[in-house]
Amino acid sequence: MPTLVDLLARVSFLAAMPAVAGIFVTASLLVVSRDWRLNVTALIAQYFFVVLLLTRLIRLEVAAVKGLTGWMICMVFYLTERRASLLEQSPASNSASSPQRWHRWVISARASFCLLAGLLVSVAAYTAALRMPLPEVPNDITLACYLLAGLGLLLIGLSENPMQVGLGLLTFLSGFDLFYVALEPSLAVAGLLGAVSFLIALATAYLRAAQITTGDGVRQP
Amino acid sequence: MPLLPLLTIILPLVGAGGTVGLSLLPRVRPHARLVALAMVGFVAVTILVSRWIPPEALIPSLWRPSLLFGTTLVVQNDAMVQPLAFALALVSCSVILVELSRTDQPHPRMMATLQVMLAAGCAALWAANLLTTLICWAIYDLLLAAGQVVSGGSVRMAVRSLIFGGLATLLLWGGATLAGRGMGSALWSLTTASRVQLTLWALAGLLRLWAYPFYLSMLDNSGVALSLLTPLALGPILGWGLWLRLAVVNGGPIPGGPWVLALAAINLGLGGFLAWSCGSMRRSWSWIGMAATGAVLLAAGVAGESGVAVVAVGGTAWVLAVGVMLLGDGLRREALWWSIPRLLGALALLGLPLTVGFVPAATMVGGLVQGGHLGWGGAFFFGYMFLVAALVRRLLAPPALPVPDRRWVMIVRGIGLGVPALLLVLAGLYPPLLVVGVRAPLLGQLLALPGWAGWLLWAGALASGGALAWQEGAIRSKIELVLNAIHDLLCLEWLYRAIIGALERGLSVLWAAGEVVGGRGALLWSWLLFLLLLLVWGSR
Amino acid sequence: MIAGPLVLLVLPLLMAGVIYLLLRWTSISALLAVGTTLALGIAVLTLPLDQPVHIWGGRQIAMGEVVTIFGRELVLEQSDRIAMAFLFLTSAGIFFLAWRIEQQPLILPMGLGLLSLLNGALLIRPLVYAALLIEIAAALSVFALQAEGGVLTRGGLRYLSFTTLALPGLLVTHWLLERYALTPNDTDLLRVAATLLALSFALLLGVVPFHTWVPAVTSDSVPLAGTFVLTICNGAVWFLLLDFLKTYPWLRSHPRFESLVYMAGIAMVIVGGLLAPSQRRVGPLMGYAALIDSGSALIALGLNSGAGLTLAVLSLMVRPFGLILMAAGLSGLRARNGGDDAFEALRGLGWQAPWSTAALIFGGLSVAGLPVSAGFAWRWALCRALASSSPGAALWILLASAGVMAGVWRALWALLARQKDRSVPSSPEGWLTAVVIVVAIVACVGIGLFPQIVAPLADRLAAAYTFVGR
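Chains as they are written, first to last, in the numbering used here: chain A, 152 to 372; chain C, 2 to 541; chain L, 7 to 476.
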């Protein structure tokens, strides 16, 4: 049975611009989407691509552990949001209304704004990567770092929903982590950063639970 | 350990604790007021004795390190403010005596408040430097507000007193800040100040005196007897203490210049009119006090180098006269002698000869005539005219208290009302009796001060006031509506409401801006503002 | 032999677990929390650093012993002792009030856990790990800030967001400074490090325009938990800043240091002074008052002198008196008003909750820096220090104080409005609550009259940071 490390080694060919492109797509999806399923999936994929890039900077095993931490965070989000959606579901609602809501969101002004803002930030990140390359890391990873940081910042600023903010913080931290492992390969720091990410996930899940409990869980369009 | 200043502060506090403690025990509850009387009486005697004792400095708290704070808390039984402190203690004593004679209800909370306010008032007057003054003022303000709330007074006025008191504190502190490195370090007696500092401090003094337009109407909407509210009405004593200090700092004259005199004249003129036009008997006492404040301040302003003496005597006369007026009762035709103290108080407020109020009044009239200040002379004339009419109206009002029938009640009430009234007369006959450390003019000198023109002006004002009082009923019934309208206009409540409304509108713009920047998208707003700041700073 | 730093880290954590299990018995939990923090605070102040002390059963505790965990050292220095004592004793005060004010105070176990992390932040070397521990503390504080069963608050999330954004700057700075040690000719590294450090601490301290988390924390979070964040977590950040300034003296001698810190402080004072009187609720008013106080402390630091440093430390020591009282008052009023602290909604409530009202007023006086309160002593000293060099700054501080008091007087006006009946019936405040609040008020006023109780401690602590001339 191949281990996680073996699997990562097999897909290591993606650990370049394809991973950066993947990060761009997943982070943009997080900015635009308000569907928790899509968000969790995007986050899982994002962590995958981040881990791929990490394999170029640190040992495979350490990158794998970081990936595992990320996917556990995704699990926390999934469980929280699943519970929230069960509590929020009213008897009158039916499956036919969900695609309609998603459809409405996609073409809403807010989604357009988020998309445009995301594109702007991505352009800014690209420009920053060209003009201010980060030390000790290759250019494509610089771009990935700026993309994650910028889009994460945008995600934090655009919403007050705990889960959206949590996703933004984790995206931002992923971007920083990608850069910092090249500067400081210490395991203690890596462990602490992982603990920070996990605690952020727990905190946002706690707030989301509080939001649902008090009936304040009306989804923002 | 400097005993004297310590006793004047500690004893009333002990008395307050004892009063409240005893009032909790049903058996001894009626005697709780005796504890208050004993303590306050002892304080009055102590302050009187301090006249003959050299000043002693008490350091209640040594603020260390001195490099940081620059000074420490110092309380000193200064001869300059001794008359004010004595007047305060004497009036407090009188309040308790009158209350003892009036009712069997002990009112422990009010008694305790009175004593604590006496302690705070003494501490504020004895405060030897600016830091101690600030702290004592703050304590006094809190107690004053608490006293108003406890007495069932208007919450609006309690909060307003806190606001004005706080503003006065900030003005005093702000003025000290302009002194530079030596901010507030020196004792009052050694302080020197610039013109700007003195101006700010003069503003603080006006706020403390409850001068127009920063007046405070203390005595409305309360179910408590007027006599018990007397300590609450004596808040301006802190203002008199400050003006005394300022006059010393300024080398004799009071600081501020023409604008202070103009305000003083306005207080005198408007105070008199508002006192006469006021419909409520209780509220009119505030206007009477305000008019008297204006008179003393105007007198101090035109007195020049003798400003210190005028403020010392005038402030003390103000405290004694207002106290006696509030403690006294209306006209009792079957026992006219009970109205004598109040009459003496009224005469002292008007500054008539043979009362201590004559010192500032004669100085004022003499100064106005010699200086040729027509405008202020007009304010004096009309102010006094209306003040006389208002005082006559109050003096002739029906009594609220029953005639005392028991001998000890009569004696107690007689002492309570008589002693301060007697002091008003004795000090009027020999002004240096009251003040220490400053040269107060003698009666003969005072009589010569106004000159013929001044005496005529004064007599005219008094006569006009008398005529107005005589025709009061006829005039008032014809112009009541107009009078009320003018009264409300001059009270400036509408202006305060307009200012508050305008402030609220202005502040709501700020609030909205704060909500936008601090609401949704706060993080993005923060980064946007940061980038703007960077751009601005980078372009410089 | 037990290493002192380990005790300071592990004991609060252990007690946090115990207290969490006993939380339904509030009095016992509070007693344990207060006792633990008091004991540790006194121990860290009094036990000597240079020799072990016998405790019981032949065991010894050595406060000054260096502990190594995963290759990182935990060192208790002289400056850290007073700082940690301040954290412990302030926590004891908060827990003491939480006992009577909060229903099931989650702040008790969470506070002890946070204390452990913050102590670790002060003890650990190199400083980079302190940033990570502070970040973890920020994440944990969300649990304390969000009231159980209460409406979702944005304070915790916003505080976490800003702290997270500050983290990269601190971590990268460490690397830059290590690089500079290897290539001392590359002064660009210092410039970038200084910029990142300034940005990070601006985020952590709530410097304008990154100040929005401060009023958000007090706006709708659990008041005492918010106070914990603003006094203890914020205090740890301040001590971290002072540690940086001590470890890297070139920071303080940077030509722009004074002006930058001064301008940052002035901006906070002005923004706080403008926004405080415009608030319509007590919670944000408290936040802006804390912002002004923090800005004033930065102005003191910007004096770049021994006295300025002492004043900055003194401000940290007296700030809890005011904020704790305000939080206690706010908590009591909200509990009796269905969680609403808008001025209009509080009309007449002061008559039913007089002690909470008194706590709010005295707390407001202290945070505004007006007499007679603990905050006045330090503001007096600050204005005196500024009077000769920048009287304008002193006047701005006084104006800002007036702004805060305007908000407090508006609240008092509403609280004391005479109303026949209130729509929400409220239970009377018990005598024990009254006693606790009176003790806190007496402590606040006592420090205001006798600042020599804390001022010498501040002086000693400032002397331990030797980066300014005395």
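For glycine and all other residues, C-beta sits at the position ideal for the given N, C-alpha and C.
In this text, all values refer to a predicted model and were calculated from it rather than measured experimentally.
Residue 465 of chain L has a beta carbon lying within less than 8 Å of a beta carbon in chain C.
Within 10 angstroms of the beta-carbon of residue 309 of chain C lie 16 or more other beta-carbons, which makes it buried.
Going by C-alpha positions, residue 39 of chain L is about 10 Å away from residue 32 of chain L.
The Cβ neighbour count for residue 198 of chain C, taken over all protein chains shown within 10 Å, is at least 16; the residue is labelled buried. Contacts with chain C (Cβ-Cβ distance below 9 Å) from the stretch 284 to 309 of chain A involve 304, 305, 307, 308, 309, listed in chain order.
Setting aside the 5 residues that flank it on each side, residue 267 of chain C is surrounded in the same chain by 213, 295, 380, each with a C-beta closer than 8 Å to its C-beta; the list follows chain order. Nearest CB-CB separation between residue 509 of chain C and chain L: below the 8 Å threshold. Look at the stretch 27 to 53 of chain L and you find no whole run of beta strand (DSSP E) that is 3 residues long or longer. Taking 8 Å as the cut-off, the Cβ atoms of residue 100 of chain L and residue 250 of chain L do not count as close. Residue 11 of chain L is a Cβ neighbour of residue 82 of chain L, given a cutoff of 8 Å.
Of all residues in the stretch 313 to 327 of chain C, none has a C-beta nearer than 9 Å to a C-beta of chain L. Secondary structure at residue 74 of chain L: strand, using DSSP grouped into helix, strand and coil. Between residue 522 of chain C and chain A, the shortest Cβ-Cβ separation is below 8 Å. Contacts with chain A (Cβ-Cβ distance below 9 Å) from the stretch 152 to 173 of chain L involve 152, 153, 154, 155, 156, 157, 158, 159, 160, 162, 163, 164, 166, 167, 170, 171, 173, listed in chain order.
Around the beta-carbon of residue 191 of chain L, fewer than 16 other beta-carbon atoms lie within 10 Å, marking it exposed. Residue 311 of chain A reaches chain C at 521, counting residues in chain order whose Cβ is nearer than 8 Å.
Distances from the alpha-carbon of residue 226 of chain L to those of L:256, L:289, L:253, L:218 put L:289 closest.
In the three-state reduction of the DSSP assignment, residue 262 of chain L falls in the coil class. Contact annotation: residue 286 of chain L and residue 512 of chain C have beta-carbon atoms nearer than 8 Å. Excluding sequence positions up to five before and after residue 290 of chain A, its CB lies within less than 8 Å of the CB of 280, 284, all in the same chain and listed in chain order. Within the same chain, and ignoring the five residues on either side of residue 283 of chain L in sequence, the residues whose Cβ sits closer than 6 Å to its Cβ are 409, 412, 413. Note on residue 440 of chain C: under 16 other CB atoms within 10 angstroms of its CB, so exposed under the neighbour-count rule. Counting along the chain, residue 59 of chain C sits inside the beta strand (DSSP E) bounded by residues 58 to 62. In the displayed model, residue 79 of chain L falls within a strand according to three-state DSSP.
Spatial neighbours of residue 64 of chain C in its own chain (CB-CB distance under 6 Å, excluding positions within 5 residues in sequence) are listed in chain order as 70, 73.
Of all residues in the stretch 56 to 80 of chain L, those with a C-beta nearer than 8 Å to a C-beta of chain A are 76, 77, 78, reading in chain order.
Residue contact check for residue 525 of chain C against chain A: a CB pair falls below 8 Å. Secondary structure of residue 287 of chain L (DSSP, three-state): strand. The stretch 386 to 431 of chain C contains, as complete alpha helix (DSSP H) runs of 4+ residues, the segments 408 to 430 (chain order).
With a minimum length of 3 residues, there is no unbroken run of beta strand (DSSP E) contained wholly in the stretch 393 to 475 of chain L.
Counting along the chain, residue 68 of chain L sits inside the beta strand (DSSP E) bounded by residues 66 to 68. Within the same chain, and ignoring the five residues on either side of residue 434 of chain C in sequence, the residues whose Cβ sits closer than 7 Å to its Cβ are 427, 428. When C-beta atoms of the stretch 356 to 363 of chain A are compared with those of the stretch 145 to 156 of chain L, three or more pairs fall below 8 Å, so the two segments count as touching.
Between residue 129 of chain C and residue 83 of chain C, the gap from beta carbon to beta carbon reaches 8 Å or more. Within chain L, no C-beta atom comes nearer than 8 Å to that of residue 289 of chain C; the closest sits roughly 28 Å away.
Contact between residue 86 of chain C and residue 75 of chain C does not hold, since their C-beta atoms are separated by about 16 Å, which reaches or exceeds 8 Å.
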